[in-house]
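In the numbering used here, the protein residues as written are 12 to 336.
For each residue, glycine too, the CB sits at the ideal point set by N, CA and C.
To keep things clear, I will list the structure first and then write my remarks on it.
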């Protein structure tokens, strides 16, 4: 955690400066004798957030956002209290310190959008280097916030997991197991509701593919292209989080990949339109590949690649496309 705060020190220093200015410039008297009402509510919210993190009730990006928000609040209060004691020689003016919450929250938002993703990308590189040194596939390790999710094959390497857990900045290491098939547990009407639409048949499937229900390399690529065209993967701008809409599109790709045995699938991520962001495109590719593994396609070799800006080709309109090799 300390490594995370050290990386974000300019933003926390700015919150401290906002607090210092607030404490120095606000009046030294308040109407009430006890703590201001806003301070009580902020304190209770901060305690609830800290307890949620300590108990493991939140994880991933949400946990990092809460940690950053708590750090901004603490920096604000430290700055305000210190200068109030120096200039006002009293803390009774704390009711007016609420004015500093607005710029502090703006700084928290800026740090969340700019500094935190950059830190996650750097942490991802350090974890990937450890995985490569241990002979593991770096793309199989998914990073969310400061938490690392490792597939069963990597989680079995206790030495590597210990090295990852000891890496400065890593919150926790989570072992992900592939979900068991649930088709038989669903009601017929539920299964019909979520069954992906039939894919266009490949132009020239081999007789083996027709008889076994499996695709050869050309048919696999044709089917993946059809999925990308009909159900493009969409992320929110500047984000790499798999939401419900993204998951539905990835589910349809997973159905095709399961029919492509002995095939390496390159999962290519794209940035936003007009922006060539290697970090964002790679994060999206990693997030998509991680979701596909959890959907039971871990028997296939998935390679996550950060590609380029969002494809302008109408045949590949989404943020993710696939290359079968």
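Relative to the C-alpha of residue i, which candidate in the options has its C-alpha closest?
{"i": "residue 237", "options": "331, 182, 174", "result": "331"}
{"i": "residue 70", "options": "87, 184, 34", "result": "184"}
{"i": "residue 96", "options": "46, 180, 35, 121", "result": "35"}
{"i": "residue 47", "options": "103, 122, 113, 329", "result": "103"}
{"i": "residue 278", "options": "301, 259, 98, 284", "result": "301"}
{"i": "residue 240", "options": "93, 260, 114, 256", "result": "260"}
{"i": "residue 135", "options": "255, 252, 271, 297", "result": "297"}
{"i": "residue 21", "options": "115, 62, 45, 75", "result": "115"}
{"i": "residue 329", "options": "312, 293, 291, 282", "result": "282"}
{"i": "residue 129", "options": "251, 148, 257, 111", "result": "251"}
{"i": "residue 227", "options": "255, 271, 149", "result": "271"}
{"i": "residue 120", "options": "75, 143, 303, 253", "result": "75"}
{"i": "residue 79", "options": "62, 126, 111, 45", "result": "126"}
{"i": "residue 131", "options": "148, 154, 112, 303", "result": "154"}
Applying the 10 Å Cβ sphere with the 16-neighbour rule, what's the burial state of residue i?
{"i": "residue 55", "result": "exposed"}
{"i": "residue 30", "result": "buried"}
{"i": "residue 273", "result": "exposed"}
{"i": "residue 124", "result": "exposed"}
{"i": "residue 37", "result": "buried"}
{"i": "residue 27", "result": "buried"}
{"i": "residue 52", "result": "exposed"}
{"i": "residue 340", "result": "Missing from the structure shown is residue 340; the chain here goes from 12 to 336 and no further."}
{"i": "residue 17", "result": "exposed"}
{"i": "residue 257", "result": "buried"}
{"i": "residue 33", "result": "buried"}
{"i": "residue 255", "result": "exposed"}
{"i": "residue 293", "result": "buried"}
In angstroms, rounded to a whole number, what distance separates the CA positions of residue i and residue j?
{"i": "residue 314", "j": "residue 165", "result": "15 angstroms"}
{"i": "residue 335", "j": "residue 133", "result": "29 angstroms"}
{"i": "residue 265", "j": "residue 316", "result": "17 angstroms"}
{"i": "residue 67", "j": "residue 234", "result": "41 angstroms"}
{"i": "residue 24", "j": "residue 275", "result": "47 angstroms"}
{"i": "residue 19", "j": "residue 232", "result": "43 angstroms"}
{"i": "residue 15", "j": "residue 229", "result": "46 angstroms"}
{"i": "residue 117", "j": "residue 109", "result": "14 angstroms"}
{"i": "residue 77", "j": "residue 60", "result": "6 angstroms"}
{"i": "residue 242", "j": "residue 64", "result": "36 angstroms"}
{"i": "residue 50", "j": "residue 106", "result": "8 angstroms"}
{"i": "residue 88", "j": "residue 305", "result": "43 angstroms"}
{"i": "residue 140", "j": "residue 98", "result": "50 angstroms"}
{"i": "residue 248", "j": "residue 83", "result": "25 angstroms"}
{"i": "residue 156", "j": "residue 122", "result": "13 angstroms"}
{"i": "residue 93", "j": "residue 86", "result": "11 angstroms"}
{"i": "residue 284", "j": "residue 245", "result": "12 angstroms"}
{"i": "residue 173", "j": "residue 72", "result": "22 angstroms"}
{"i": "residue 318", "j": "residue 280", "result": "6 angstroms"}
{"i": "residue 152", "j": "residue 291", "result": "16 angstroms"}
{"i": "residue 149", "j": "residue 333", "result": "18 angstroms"}
{"i": "residue 143", "j": "residue 295", "result": "20 angstroms"}
{"i": "residue 113", "j": "residue 13", "result": "25 angstroms"}
{"i": "residue 101", "j": "residue 62", "result": "31 angstroms"}
Can you list, in chain order, the residues of its chain with a C-beta nearer than 7 angstroms to that of residue i? Leave out the 5 residues immediately preceding and following it.
{"i": "residue 186", "result": "161, 163, 166"}
{"i": "residue 145", "result": "168, 171"}
{"i": "residue 137", "result": "178"}
{"i": "residue 308", "result": "265, 268, 269"}
{"i": "residue 175", "result": "138, 141, 159, 181, 184"}
{"i": "residue 57", "result": "81, 84"}
{"i": "residue 207", "result": "The pLDDT assigned to residue 207 is 45, lower than 50, so where the model puts this residue is not dependable; a value taken from the coordinates is nonetheless given after this. Answer for residue 207: 262, 263, 266, listed in chain order."}
{"i": "residue 147", "result": "165, 168, 171"}
{"i": "residue 111", "result": "29, 30, 33, 87, 91"}
Mind checking who residue i pairs with in its DSSP beta bridge?
{"i": "residue 280", "result": "317, 331"}
{"i": "residue 312", "result": "275"}
{"i": "residue 185", "result": "160"}
{"i": "residue 265", "result": "DSSP, once it has assigned bridges, lists no residue as partnering residue 265."}
{"i": "residue 155", "result": "158"}
Tell me which same chain residues have a C-beta within less than 6 angstroms of the C-beta of residue i, skipping the five on either side of it?
{"i": "residue 216", "result": "At residue 216, the pLDDT of 44 sits below 50, so the modelled position is not reliable; the number obtained from the coordinates is stated separately. Result list for residue 216: 230, in chain order."}
{"i": "residue 90", "result": "27, 30, 31"}
{"i": "residue 225", "result": "270, 272"}
{"i": "residue 312", "result": "275"}
{"i": "residue 253", "result": "298, 302"}
In chain order, what residues of the same chain have a beta carbon less than 8 angstroms from the beta carbon of residue i, not counting five sequence neighbours either side?
{"i": "residue 45", "result": "none"}
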